[in-house]
Amino acid sequence: MFRQYPLIQYVRSLIQFAPLRFILGCILNIFNTFLSGIGLLMLIPLLHYSGWLPEKGLNESSLDKLLTWLPQPETQLPLLITLFIFMILISATALFQYSSSQVQTRLIYDYLFFIREQLNRSVAESRWSFLLKQQLKTVEHMLTVGIQQISSLTYFSLSLVGDCIVTNVYFIFALWINLKLTLLASTCAGLLLFLLRKHKSALTGTQSFLLDRQLQAHCGYFLDGVKLAKSYNRTSHYLEHYTHLNNQLRLSQFAFYSNQRNIQLLFKLMSAVIFSFIFYIAVHFFHVSTVSMLALMMIYARLLPCVSNLQQNYLRVLNIAPVFSELCAMQSSFNKAQEERDEKNVPLPFHHTISLENVSYHYDHMAAVKSVSCEFKKNTTTAIVGPSGAGKSTLADLLLGLLIPTEGKIKVDGSSLEEPHLSSWRNLISYVPQETFLFNDTIRANLLWAALQVSDQDLWHSLRQAAAADFVTQLPNGLDTFIGERGIHLSGGERQRLAIARALLRHPKILLLDEATSSLDSQNEELIFTTLQTLHGTMTLILIAHRFSTIRAADHVLVLNQGQLVEQGIPQELFEETTSHFNRLFNQQFVMA
5 MFRQYPLIQY VRSLIQFAPL RFILGCILNI FNTFLSGIGL LMLIPLLHYS
55 GWLPEKGLNE SSLDKLLTWL PQPETQLPLL ITLFIFMILI SATALFQYSS
105 SQVQTRLIYD YLFFIREQLN RSVAESRWSF LLKQQLKTVE HMLTVGIQQI
155 SSLTYFSLSL VGDCIVTNVY FIFALWINLK LTLLASTCAG LLLFLLRKHK
205 SALTGTQSFL LDRQLQAHCG YFLDGVKLAK SYNRTSHYLE HYTHLNNQLR
255 LSQFAFYSNQ RNIQLLFKLM SAVIFSFIFY IAVHFFHVST VSMLALMMIY
305 ARLLPCVSNL QQNYLRVLNI APVFSELCAM QSSFNKAQEE RDEKNVPLPF
355 HHTISLENVS YHYDHMAAVK SVSCEFKKNT TTAIVGPSGA GKSTLADLLL
405 GLLIPTEGKI KVDGSSLEEP HLSSWRNLIS YVPQETFLFN DTIRANLLWA
455 ALQVSDQDLW HSLRQAAAAD FVTQLPNGLD TFIGERGIHL SGGERQRLAI
505 ARALLRHPKI LLLDEATSSL DSQNEELIFT TLQTLHGTMT LILIAHRFST
555 IRAADHVLVL NQGQLVEQGI PQELFEETTS HFNRLFNQQF VMA
């Protein structure tokens with residue numbers, strides 16, 4: 005595969021996104037380049053109308069023929085009219101360049117919006133089983149730093165296309181003036197570019213991007229666990245590793261720009277040598293006329309910066325293009341793991357029973373749930389218990405439709421729970437995980453995240469159900485109090501109660517609590533127990549719990565061990581059986597209410 009392939013891949017993608025705007029951007033870029041050299045384009049007619057150029061040169065060159073096409077001036081233009089024309093011309097040029105910049109900038113940011121939306125949607129709509137295996141910090145880095153770098157790639161790509169065309173136009177113009185001299189100059193320039201060719205730009209670009217990702221991930225992990233790091237007095241270790249990564253990133257970035265500057269310096273030095281060599285050959289061997297030589301030198305003076313810009317933009321594109329290649333690979337992998345969606349968004353009807361029939365699930369050939377068969381009847385409360393690693397959370401993910409059984413079936417009133425009904429099925433469920441998810445906003449905003457179209461009365465009702473109303477009323481701004489990053493301004497119990505209130509706000513048919521009361525004190529846990537009793541019979545409750553005080557609210561209990569359902573029944577009856585798994589598990593791990 006050619007090193008330039010990521011660039012071709014990127015340009016193809018940009019053209020497919022907005023073909024007309026891409027072409028327009030390239031055309032405007034070309035005109036901008038010519039307008040920046042308007043002095044050159046006006047040189048010959050200005051010299052002609054000023055009377056400085058003869059009607060015919062020393063030989064019959066193409067330039068001499070061009071002069072015969074220009075009308076001979078009878079009178080000189082007044083100074084004021086000349087200055088007015090000059091002002092109009094420069095103003096029009098500035099307006100054109102402004103419009104060109106606006107078109108290109110709009111294209112760049114529209115394309116960035118498009119690819120960011122595409123990647124974000126691909127991630128959001130991929131299967132949970134696939135997301136479990138991904139390094140999500142890598143995705144976060146691509147959505148922020150990676151896509152921002154691609155904005156530079158768009159600009160340099162447009163410049164690259166424009167420079168290529170402008171260089172060829174100048175080259176053709178130079179060929180028309182003097183074929184032999186231009187071919188000699190282009191041969192020397194081609195040899196120079198060949199000697200200065202470099203492919204390290206792509207390598208340093210990849211290295212810098214990966215190092216920047218490691219640096220951001222390392223910083224993120226530290227900030228996530230900053231309290232633990234400070235309590236362990238490990239901040240010095242973090243700073244040492246951060247400095248190491250930061251220094252590697254500095255060296256990688258410096259290597260690219262140093263290489264770029266070295267090439268630029270050599271190009272300018274060798275260009276001066278070639279320029280002098282061509283001038284000497286033109287005068288002493290080709291006997292080029294003064295007029296033709298002047299025109300050629302002016303064209304070469306414009307051509308060399310174009311070639312230099314072409315080379316520099318090419319190096320910059322090579323440096324950034326691998327980022328786009330990785331973006332495409334990442335999005336492709338997520339697209340292959342897309343969850344099939346029900347376009348009608350009609351969930352399976354749930355009127356009677358959720359049944360598991362010999363359900364098994366494997367993580368990389370390791371069984372987490374093995375041949376589980378059980379039922380969850382509508383509007384009853386079922387507790388799932390077992391030691392750590394027994395498969396409780398995996399079973400919860402299966403019930404949520406986040407995971408698809410490796411073997412067996414989950415049925416809702418006899419209909420299989422499978423794609424494309426999984427997404428719409430989750431509309432019936434509210435889930436409260438053990439690790440509370442809150443963001444840096446107000447209590448109101450955190451609650452409304454689950455259900456937008458609700459009143460303040462609904463908010464307070466859900467807070468009372470979750471035993472959270474009292475502490476919210478005591479906050480300075482009530483519902484409009486900011487709770488900090490991940491709810492850091494609240495206690496662990498307050499965060500969990502807020503999460504339960506948010507779940508109840510959806511008015512779900514099924515409420516699944518995964519250790520959701522583990523951080524509550526006995527008083528608040530008793531309030532939650534009262535809430536569960538109140539909800540009993542109005543919705544289907546599934547409780548993953550360790551505390552008997554929570555389990556006693558259940559009508560039915562499932563006991564898991566090493567992924568297998570080893571026991572099920574009424575909690576009190578199982579507890580009274582001294583030989584039961586539930587009794588032994590409770591005596592070992594649970595605290596009796």
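Residue 597, in this note's numbering, is where the sequence shown stops; the numbers in between run on with no holes. Note that the Cβ used here is the ideal one computed from N, Cα and C, for glycine as well.
Report task. List the endpoints of the continuous alpha helix (DSSP H) containing GLN153. Result -> 151–181
Query raised in the report: Whose C-alpha, out of ASP474, LEU219, LEU32, HIS560, is nearest the C-alpha of HIS540?
Result: HIS560
Requested in this report: Take VAL416 and list the residues in its own chain whose beta-carbon comes closer than 7 angstroms to its own, dropping the five residues that flank it on each side.
Outcome: LEU352, PHE354, ILE358
**Report entry** Option nearest PRO512 by Cα separation, candidates SER280, SER526, ALA455, TYR284
**Finding:** ALA455
Query raised in the report: Between HIS356, PRO437, TYR435, ASN431, which lies nearest to SER419 when the distance is taken from Cα to Cα?
Result: HIS356
Query raised in the report: Mind checking ALA507: buried by the 16 CB within 10 Å criterion, or exposed?
Result: buried
Report task. May I have the straight-line CA-CA distance separating PHE552 from LEU564, to the nearest angstrom? Result -> 16 angstroms
Query - Residue range of the unbroken beta strand (DSSP E) whose run includes LEU436 - result: For the sequence presented, residue 436 should be read as Val rather than Leu. From DSSP, the beta strand (DSSP E) with VAL436 extends over 433–436.
Report task. Consider the C-beta atom of LEU406 and the heavy atoms of the ligand GTP; say whether any pair is separated by less than 7 angstroms. Result -> Because no ligand of any kind appears in the structure shown, any question about the ligand GTP cannot be addressed here.
Query - Nearest neighbour of VAL287, chosen from LEU185, LEU307, ALA394, ARG448 [CA to CA] - result: LEU185
Requested in this report: Quick one: residues in its chain with C-beta nearer than 8 angstroms to the C-beta of ASN444, no 5 flanking neighbours on either side, listed in chain order?
Outcome: PHE486, ILE487, GLY488, GLU489, ARG490
Report task. Could you check the C-alpha separation between ASN587 and GLU577 for me, to the nearest Å? Result -> 10 angstroms
Query raised in the report: What is the C-beta distance between ALA387 and ALA558, in whole angstroms, given that I count them as a contact (C-beta under 8 angstroms)?
Result: 4 angstroms
Query raised in the report: How is ALA473 classed by DSSP in three states: helix, strand or coil?
Result: helix
Query raised in the report: Secondary structure at LYS382, three-state DSSP: helix, strand or coil?
Result: coil
Query - Per DSSP, cross-strand counterpart(s) of LYS413 - result: GLU361
**Report entry** alpha helix (DSSP H) runs contained entirely in the segment 91–146, provided each spans 4 or more residues
**Finding:** 132–135, 140–145
Query raised in the report: For LYS607, which three-state DSSP category applies?
Result: In the structure displayed, the chain extends from 5 to 597; residue 607 sits before or after that span and is not available.
Query raised in the report: Taking just the CA atoms, how far does CYS192 sit from ILE278?
Result: 7 angstroms
Query raised in the report: Is the beta carbon of PHE160 less than 8 angstroms from the beta carbon of ARG25?
Result: no
**Report entry** CB contact flag (ASP518, VAL389, <8 angstroms)
**Finding:** no
Query raised in the report: Between the beta-carbon of VAL311 and the beta-carbon of GLN153, is there less than 8 angstroms?
Result: no
Query raised in the report: Given a threshold of 16 other Cβ atoms within 10 Å of its Cβ, counted over all protein chains shown, does MET91 qualify as buried or as exposed?
Result: exposed
Query - Span separating the alpha-carbon of MET596 from that of VAL143 - result: Only weak support is given to the placement of MET596: the predicted model assigns it a pLDDT of 43, under 50, and the question is left unresolved by the model.
Query raised in the report: Taking Cβ positions, are ALA341 and ARG131 nearer each other than 8 angstroms?
Result: yes
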